[in-house]
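Asker: Structure in structure tokens, see below.
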Amino acid sequence: MVGGQGVSSSKPFRSFWLAGRHRPLYGLMVAIASVLTVFLLRYALSDVFDDGALFLFFTPTILLAAMFGGIGPGLAAVGLSLIMVMVLEQLVLSREIGLLDFIAFLSVGIAIAWLGEAFLRASIASTTSAEALEEREAQLRTILETAFDAAVVINAEGVIISFNPAAERQFGYRLDEVLGRNVKCLMPEPYHSDHDHYLRRFLETGERRIIGTDRIVVGQKKDGSTFPMKLAVGETKTESWHYFTGFIRDLTEREESAARLEQAHGELARLSRLNEMGEMASMLAHELNQPLAATINYVQGCRILLRDIDNPNAERARAAMDEASRQALRAGDIIRHLREYVVRGGTQKFPESMHTLIEGAAGLALLGSRDQGVRTEFRYMASHDTVIADRVQIQQVLINLMRNALDAMRDTTRRELIVTTRNDGDMRNIVVDVADTGTGIAPETIERLFQPFVTTKSNGIGIGLSISRRIIGIHSGTISVFNNQDGGATFRFILPTLQQMGDSDG
Ligand code: ADP
18 MVGGQGVSSS KPFRSFWLAG RHRPLYGLMV AIASVLTVFL LRYALSDVFD
68 DGALFLFFTP TILLAAMFGG IGPGLAAVGL SLIMVMVLEQ LVLSREIGLL
118 DFIAFLSVGI AIAWLGEAFL RASIASTTSA EALEEREAQL RTILETAFDA
168 AVVINAEGVI ISFNPAAERQ FGYRLDEVLG RNVKCLMPEP YHSDHDHYLR
218 RFLETGERRI IGTDRIVVGQ KKDGSTFPMK LAVGETKTES WHYFTGFIRD
268 LTEREESAAR LEQAHGELAR LSRLNEMGEM ASMLAHELNQ PLAATINYVQ
318 GCRILLRDID NPNAERARAA MDEASRQALR AGDIIRHLRE YVVRGGTQKF
368 PESMHTLIEG AAGLALLGSR DQGVRTEFRY MASHDTVIAD RVQIQQVLIN
418 LMRNALDAMR DTTRRELIVT TRNDGDMRNI VVDVADTGTG IAPETIERLF
468 QPFVTTKSNG IGIGLSISRR IIGIHSGTIS VFNNQDGGAT FRFILPTLQQ
518 MGDSDG
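Just so we're on the same page, the numbering used here is the position in the sequence shown counted from 1, plus 17.
What follows is the structure, given as structure tokens:
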């Protein structure tokens with residue numbers, strides 16, 4: 018990303034430069050070599066130059082030696098130069114050099130050596146930090162390149178500036194296809210349209226919605242399909258730049274950690290058990306009501322028969338009959354309470370975003386589905402998606418429908434699961450369709466599908482859809498199913514949106 022090319026090409030020179038231990042030695046060698054060279058040159062050219070400016074020839078040697086080796090070699094060059102000047106004075110000069118000239122050269126020489134040393138230190142510092150930077154960058158690159166999670170870095174305008182190999186795999190884009198593009202190309206609607214606005218609002222207000230937490234949202238691949246993903250966003254900021262890094266895990270990929278799979282399955286099993294228990298209790302209550310009523314009738318009939326018999330045993334039997342009748346009525350009450358609890362009491366309803374519910378449910382239901390070759394797509398066309406709902410229950414419905422869809426596509430060649438939302442009835446309802454390209458439903462079972470214990474699976478109980486219908490009913494909605502024209506089935510449920518609930522309250 019950030020080019021290390023220029024820095025790395027100068028590596029041999031830099032290692033020489035930074036060869037700390039030998040630096041004074043190299044500097045001394047440079048001092049001797051350069052002073053001797055200048056001496057020989059000046060001696061050879063003594064006919065060309067007149068007597069003046071003798072010292073001037075030697076000043077570059079001091080700078081050179083100090084730049085290579087620091088102040089020590091610089092001072093050595095000053096000393097050597099003084100000696101050479103004295104030799105030259107004897108050999109070629111027609112006049113004597115004054116003491117003042119020597120002192121001036123000495124002072125200027127020391128100053129130049131000091132300057133050379135300062136230059137050397139500054140170069141070492143900048144080279145070292147460039148190297149450290151390059152090393153850190155290489156480490157970061159390795160981490161990002163080998164990471165299992167996709168990592169996408171964007172700038173404050175939302176433009177993608179880095180896209181790791183896992184991101185290429187998850188989204189199906191090559192690096193060169195996305196670099197420089199706005200990150201919203203990885204998002205379906207409504208995120209696609211809203212993202213610029215979110216980013217701008219964050220930059221203006223600093224109000225955090227997703228940064229620092231992780232959330233399940235939907236991502237869009239190059240082929241247009243969408244998938245549930247877990248997104249965590251981090252922020253990096255300095256005075257001159259502002260970056261955001263998104264770490265993304267495709268929840269439909271099998272290579273999930275075993276722990277997460279286990280946790281998800283555990284959660285699913287727990288939810289199903291809870292609902293199945295509720296359903297069983299409710300059905301038992303329904304079934305037991307009739308025999309209980311009959312029992313009470315018979316008991317009261319016997320009571321009437323015993324009324325006119327004047328016998329101590331008959332008297333005791335009458336008392337026992339009264340008690341039997343009371344107990345049967347009590348059993349009826351218990352059952353009625355149980356039914357009421359299952360039907361109503363267990364639910365906790367709050368305003369919830371249907372799209373968030375879908376994403377959470379998809380995160381659980383679609384684990385490993387990519388491995389099965391299932392293409393998923395989430396089309397959110399509903400602009401009003403807030404419902405008053407029991408989150409767990411509605412997600413249970415969605416999970417049931419999605420898992421059934423996956424089951425139905427096990428043996429088909431085309432495997433597409435499409436979840437669509439839209440509003441109807443003046444935004445008063447939200448319609449959620451879970452469509453698949455599976456086996457579809459036989460006409461003889463389609464009517465009975467929502468009844469308990471209707472199943473075509475060897476390991477099925479046939480209770481999922483009846484629970485789903487009950488849950489949707491509790492939420493004042495309806496659920497239905499139809500076969501698609503080009504194969505597969507669509508389960509559709511319709512729930513009132515918050516808008517409608519608000520209207521009916523008022
Ligand atoms: P189970 O999954 O235990 O069988 P359900 O009540 O969830 O119980 O489903 C009942 C039956 O409905 C299933 O056995 C299956 O035959 C049928 N079914 C449900 N969803 C689909 C679907 N998407 N495509 C085809 N058949 C389905």
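Heads up, the beta-carbon is just placed ideally off N, CA and C, and yes, glycines get one too.
Treat the numbers as computed from the prediction; the structure is a model and nothing was measured.
Mapping DSSP to helix, strand and coil, what is A506?
Answerer: Correct three-state label for A506: strand.
Asker: Hey, out of A184, V169 and A183, whose CA is closest to I177's CA?
Answerer: Residue V169 is the option with its Cα nearest to I177.
Asker: Is it true that the segment 194-207 meets the segment 130-140, where meeting means three or more beta-carbon pairs spaced less than 8 Å apart?
Answerer: Taking 8 Å as the limit for Cβ pairs, the verdict is that the segment 130-140 does not touch the segment 194-207.
Asker: Using the Cα positions of G91 and V52, report the straight-line distance between them to the nearest angstrom.
Answerer: If you take the alpha carbons of G91 and V52, they lie about 11 Å apart.
Asker: Return the CA-CA distance between Q307 and F395, expressed in angstroms with no decimal places.
Answerer: Roughly 46 Å between the two C-alpha positions.
Asker: Quick one: does the C-beta of G490 sit closer than 7 Å to a heavy atom of ligand 1?
Answerer: False, no ligand heavy atom lies under 7 Å from that Cβ.
Asker: Select from E148, T144, V409 and A184 the residue whose C-alpha is nearest the C-alpha of T163.
Answerer: Considering only alpha carbons, the answer is A184.
Asker: Per DSSP, which residues does S7 bridge with? Please list them.
Answerer: In this structure the chain extends from 18 to 523, so residue 7 is not present and cannot be described.
Asker: Return the CA-CA distance between T473 and H372, expressed in angstroms with no decimal places.
Answerer: Whole-angstrom Cα-Cα distance: 30 Å.
Asker: Does the beta-carbon distance from L193 to I265 come in below 8 Å?
Answerer: Contrary to the premise, residue 193 reads as Asp rather than Leu in this sequence. No, Cβ-Cβ distance for D193 and I265 is not below 8 Å.
Asker: Within the present structure, is the beta-carbon of N466 separated from the nearest heavy atom of ligand 1 by less than 7 Å?
Answerer: In the sequence on display, residue 466 carries Leu and not Asn. True, at least one ligand heavy atom lies under 7 Å from that Cβ.
Asker: Let me confirm a value: L482 is counted as buried when at least 16 other C-beta atoms fall within 10 Å, else exposed. Which label applies?
Answerer: Its Cβ being crowded by 16 or more others within 10 Å, L482 is buried.
Asker: For V195 and G189, what's the separation of their Cα atoms in angstroms?
Answerer: Computed Cα separation, rounded: 10 Å.
Asker: In the DSSP assignment, find the alpha helix (DSSP H) that holds G126 and state where it starts and stops.
Answerer: Where G126 is concerned, the enclosing alpha helix (DSSP H) stretches over L116 to T163.
Asker: Measuring straight from C-alpha to C-alpha, what distance separates E113 and G44?
Answerer: Rounded to the nearest angstrom, the two C-alpha atoms are 31 Å apart.
Asker: Within the segment 317-362, note down every full alpha helix (DSSP H) run reaching 4 residues or more, in order along the chain.
Answerer: Entirely contained in the segment 317-362, the alpha helix (DSSP H) runs reaching 4 residues are, in chain order, 329-357.
Asker: Taking 6 Å as the limit between beta carbons, can you name the residues of its chain near F470, skipping five residues before and five after?
Answerer: So the list reads G479, once near-sequence residues are dropped.
Asker: Closer than 8 Å by C-beta to E106: which residues in its own chain qualify, once you throw out the five before and the five after it? Chain order, please.
Answerer: Answer for E106: L71, E113 and I114, listed in chain order.
Asker: Under a Cβ-count criterion, where at least 16 other Cβ atoms within 10 Å of its own Cβ denotes burial, should V19 be classed as buried or exposed?
Answerer: Confidence at V19 is low in this model, with a pLDDT of 37, below 50, so its placement is unreliable and no value can be given for it.
Asker: Since I435 and I488 should fall inside the 8 Å C-beta cutoff, what is the C-beta to C-beta distance between them, to a whole number of angstroms?
Answerer: At roughly 22 Å, the Cβ-Cβ gap does not stay under 8 Å, so I435 and I488 are not in contact.
Asker: Would you mind giving the Cβ-Cβ distance between L216 and M246, rounded to the nearest angstrom? I have them listed as a contact below 8 Å.
Answerer: Contact flag wrong, Cβ pair sits at about 18 Å.
Asker: Between A298, G318, A128 and I160, which has its C-alpha nearest I352's C-alpha?
Answerer: With distances taken between Cα atoms, I352 lies closest to A298.
Asker: For the segment 228-245 and the segment 144-160, state whether three or more C-beta atom pairs, one from each stretch, are separated by less than 8 Å.
Answerer: At 8 Å Cβ cutoff, the stretches do not touch.
Asker: Between F508 and V498, what straight-line distance do the alpha-carbon atoms span, to the nearest angstrom?
Answerer: Going by the C-alpha atoms only, they are around 4 Å apart.
Asker: Taking 7 Å as the cut-off, is the C-beta of K474 nearer than that to any heavy atom in ligand 1?
Answerer: K474 Cβ: within cutoff of ligand 1.
Asker: Which two residues bound the contiguous beta strand (DSSP E) that contains F56?
Answerer: Unbroken run through F56 is the alpha helix (DSSP H), R40 to A61; no beta strand (DSSP E).
Asker: Taking the alpha carbon of L97 as the point to measure from, which residue in P77, S111, L116 and V109 has its own alpha carbon closest?
Answerer: Checked all of P77, S111, L116 and V109; the closest Cα to L97 is P77.
Asker: Taking G494 and L466 to be in contact with their CB atoms under 8 Å, please state how far apart those CB atoms are, rounded to whole angstroms.
Answerer: Incorrect: roughly 17 Å between the Cβ atoms, too far for contact.
Asker: Find out if the Cβ-Cβ distance for the pair G455, T437 is shorter than 8 Å.
Answerer: It is not a contact, given that the beta carbons lie outside the stated cut-off.
Asker: Skipping 5 residues on each side, what residues in its chain have a beta carbon closer than 8 Å to that of D118?
Answerer: Counting only Cβ-Cβ distances below 8 Å, and skipping sequence neighbours, we find F72.
Asker: Under the three-state reduction of DSSP, which class applies to K201: helix, strand or coil?
Answerer: Helix at K201.
Asker: Three-state secondary structure (DSSP) at P245?
Answerer: Here P245 sits in strand by DSSP.
Asker: Distance, Cα to Cα, F367 vs S179?
Answerer: Near 40 Å, if we compare the C-alpha coordinates of S179 and F367.
Asker: What did DSSP end up calling I480 once you bin it into helix, strand or coil?
Answerer: Of the three classes helix, strand and coil, the one that applies to I480 here is coil, per DSSP.
Asker: Between the C-alpha atoms of A506 and A425, what's the straight-line distance to the nearest angstrom?
Answerer: Looking at the two C-alpha atoms, the distance is approximately 9 Å.
Asker: Confirm, please, whether the CB-CB distance from N446 to T514 is below 8 Å.
Answerer: It is a contact, given that the beta carbons lie within the stated cut-off.
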